[in-house]
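Residue numbers (this note's numbering), protein chains in the order written: chain A, 107 to 251; chain B, 107 to 251; chain C, 107 to 251. Glycine included, C-beta positions come from ideal geometry on N, C-alpha and C.
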Amino acid sequence: MKSQTRYLTFETRRRRELVRITGEVASLAAESGIQEGMVLVSAMHITAGVFVNDDEPGLHADLEAWVQRLAPGPSADDRTPGPDYAHHRGGEDNGDAHLKNLLIGHQVIVPITRGRLDLGPWQQVFYYEFDGRRPKRVILKAMGE
Amino acid sequence: MKSQTRYLTFETRRRRELVRITGEVASLAAESGIQEGMVLVSAMHITAGVFVNDDEPGLHADLEAWVQRLAPGPSADDRTPGPDYAHHRGGEDNGDAHLKNLLIGHQVIVPITRGRLDLGPWQQVFYYEFDGRRPKRVILKAMGE
Amino acid sequence: MKSQTRYLTFETRRRRELVRITGEVASLAAESGIQEGMVLVSAMHITAGVFVNDDEPGLHADLEAWVQRLAPGPSADDRTPGPDYAHHRGGEDNGDAHLKNLLIGHQVIVPITRGRLDLGPWQQVFYYEFDGRRPKRVILKAMGE
């Protein structure tokens with residue numbers, strides 16, 4: 107089995123922000139020389155998500171409203187405080203970000219077939235920062251033959 | 107590492123529909139000859155889910171009510187319109203289906219042990235169509251030794 | 107490709123309970139001798155979750171309140187009955203546990219790099235029992251080279 111690993115670092119300017127990373131995943135798959143296998147894309151933090159969906163601004167606005175409805179927190183630009191969570195007793199203010207991480211998920215597997223990412227026509231890989239403005243990492247690990 | 111890939115195509119009659127696919131996953135695992143490994147089962151669309159749960163009609167009714175409560179949309183038979191999403195500005199009507207995809211997840215890994223799917227007694231693999239009546243694909247990729 | 111498989115069994119005293127299992131996952135990774143690869147950690151039941159997040163009691167209290175808000179059920183110690191689900195028609199009382207399983211997810215992949223679990227500083231692996239007081243299993247399967 108071949109494998110290749112890379113780490114991406116993000117430091118977003120806003121509390122919450124979406125970053126498309128399909129290109130980085132495709133580039134690692136190509137460099138690995140793997141013909142059949144997969145790339146694991148996994149956030150190394152507990153306040154960030156990784157998901158596959160459409161790169162469409164309206165959808166991204168819906169997504170922001172949705173994560174706020176199901177796991178309420180400060181506004182994306184941090185001008186509005188969120189509800190108080192038990193997690194905040196120790197001085198944290200990111201209780202919502204932990205729940206958003208569990209709602210969206212922190213990892214995906216992207217299959218590689220015949221040397222290329224085997225995604226559907228609209229599938230793009232995204233990093234979803236839920237508590238930004240500091241360096242956060244994602245691991246990409248390609249495995250296969 | 108051995109690998110084997112297959113694509114399933116679904117074209118459901120209703121907007122939302124559940125399809126059990128454990129048999130297809132088991133069949134690919136058997137054909138692959140893999141003794142120890144896994145099968146990745148992953149929707150290639152952003153408006154469909156893949157999950158593991160019980161094959162029980164009451165549960166499936168609860169699940170339908172639940173995805174509608176957390177990510178509201180048109181009724182399963184499309185007779186009732188859903189709320190308006192920002193994603194609909196471009197003419198789409200499936201904003202809810204994108205959120206349901208993120209709620210349920212679009213992929214699972216099924217382990218293979220001693221040449222067989224290593225699932226618990228009640229675990230069945232399902233495809234959950236959230237925006238049907240057109241051909242949609244799922245990739246199955248077995249990997250292992 | 108090397109692989110190694112282990113099953114963990116849990117029998118919690120309460121209906122809902124969190125168990126940290128990072129140590130068990132690390133121990134299997136070490137014994138497998140795998141330098142580059144991954145461990146699949148997957149519940150074999152449809153009423154239990156596996157996730158990665160912080161080991162912080164306030165967060166765990168928030169998580170309990172959150173799964174109860176989004177998929178209501180009996181209290182963790184079972185003193186309060188939950189709402190009635192269609193799944194209960196056959197005599198079951200754990201409809202909420204199936205939905206909580208889908209909300210949290212039933213599996214994660216932990217990468218192995220240079221022979222060690224490649225987790226971020228705050229990432230811990232947890233088993234989340236949603237319908238305890240009977241033996242339930244989790245499969246750990248290490249795969250790699």
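Chain B within 8 angstroms of residue i, Cβ atoms only
| i | result |
| --- | --- |
| Leu165/A | yes |
| Glu235/A | no |
| Phe157/A | yes |
| Leu205/C | yes |
Chain C contact residues for residue i, given Cβ-Cβ distances below 9 angstroms
| i | result |
| --- | --- |
| Leu134/A | Within 9 angstroms Cβ-Cβ: nothing; Leu134/A doesn't reach chain C, min ~13 angstroms. |
| Gly143/A | Near Gly143/A there are no residues of chain C at all, since even the closest Cβ is about 10 angstroms away, more than 9 angstroms. |
Of the listed residues the options, nearest to residue i (C-alpha basis)
| i | options | result |
| --- | --- | --- |
| Pro241/A | Gly196/A, Pro227/A, Met150/A, Gly139/A | Met150/A |
| Arg112/C | Arg243/C, Glu162/C, Ile210/C | Arg243/C |
| Ala132/C | Leu246/C, Gly155/C, Arg119/C | Leu246/C |
| Gly188/C | Asp237/C, Val214/C, Ala135/C, Thr128/C | Asp237/C |
| Asp184/B | Arg122/B, Glu117/B, Leu114/B, Gln110/B | Arg122/B |
| Ile140/A | Gln110/A, Asn159/A, Thr128/A | Gln110/A |
| Arg175/A | Ala203/A, Glu142/A, Pro217/A, Met249/A | Ala203/A |
| Glu198/C | Thr118/C, Gly179/C, Val125/C, Phe157/C | Gly179/C |
| Ala248/C | Glu137/C, Gly201/C, Ala182/C | Glu137/C |
| Val158/B | Ile152/C, Leu114/C, Ser181/C, Val173/C | Ile152/C |
| Asn200/C | Ile210/C, Asp160/C, His212/C, Ala154/C | Ala154/C |
| Leu208/B | Gly196/A, Glu130/A, Val173/A | Val173/A |
| Arg120/B | Ser181/B, Met107/B, Gly129/B | Ser181/B |
| Leu169/B | Lys206/B, Gln213/B, Ile215/B | Lys206/B |
| Val214/B | Gly196/B, Val156/B, Asp160/B | Val156/B |
| Thr128/B | Thr115/B, Met107/B, Lys108/B, Asp161/B | Asp161/B |
| Val216/B | Thr186/B, Glu130/B, Leu114/B | Glu130/B |
| Ala135/C | Gly196/C, Arg195/C, Lys108/C | Lys108/C |
| Met148/B | Leu225/B, Arg195/B, Leu114/B | According to the sequence shown, residue 148/B is Ser rather than Met. Answer by Cα proximity: Leu114/B. |
| Leu225/B | Val145/B, Thr186/B, Val125/B | Val145/B |
Residue environment, residue i, which counts as buried when at least 16 other CB atoms sit within 10 Å
| i | result |
| --- | --- |
| Arg239/A | exposed |
| Ala171/B | exposed |
| Pro227/C | exposed |
| Thr118/C | buried |
| Gly250/A | buried |
| Gly211/B | buried |
| Gly143/A | buried |
Contact set between residue i and chain B, taken where Cβ atoms lie within less than 8 angstroms
| i | result |
| --- | --- |
| Arg243/C | Gly226 |
| Leu176/A | Leu176 |
9 angstroms Cβ cut-off: residues of chain A touching residue i
| i | result |
| --- | --- |
| Gly211/C | Leu208, Gly211 |
Closer than 8 angstroms to chain A by CB, residue i
| i | result |
| --- | --- |
| Leu146/B | yes |
| Thr111/B | yes |
| Ile215/C | yes |
Chain C within 8 angstroms of residue i, Cβ atoms only
| i | result |
| --- | --- |
| Arg195/A | yes |
| Phe232/B | no |
| Ile152/A | yes |
Interface residues of chain C facing residue i [CB-CB closer than 8 angstroms]
| i | result |
| --- | --- |
| Glu162/B | His193, Gly196 |
| Leu169/A | Per Cβ cutoff of 8 angstroms: no residues; Leu169/A is ~17 angstroms from chain C at best. |
Under 8 angstroms by beta carbon: chain A residues contacting residue i
| i | result |
| --- | --- |
| Gly250/C | Met107, Ser109, Met249 |
Listed by chain order, chain C residues near residue i by CB distance under 7 angstroms
| i | result |
| --- | --- |
| Thr219/B | Thr111 |
Partner residues on chain B for residue i, Cβ-Cβ distance less than 9 angstroms
| i | result |
| --- | --- |
| Gly201/C | Gly164, Leu165, Asp168 |
Does the region 220–232 of chain C come within contact of the region 232–248 of chain B, defined as at least 3 CB pairs closer than 8 angstroms? Contact fails: fewer than three Cβ-Cβ distances are below 8 angstroms.
Taking contact to mean 3 or more Cβ pairs, one atom from each stretch, closer than 8 angstroms, check whether the region 191–204 of chain A and the region 160–171 of chain C are in contact. Contact check between the region 191–204 of chain A and the region 160–171 of chain C: three or more CB pairs, one atom from each, fall below 8 angstroms, which counts as touching.
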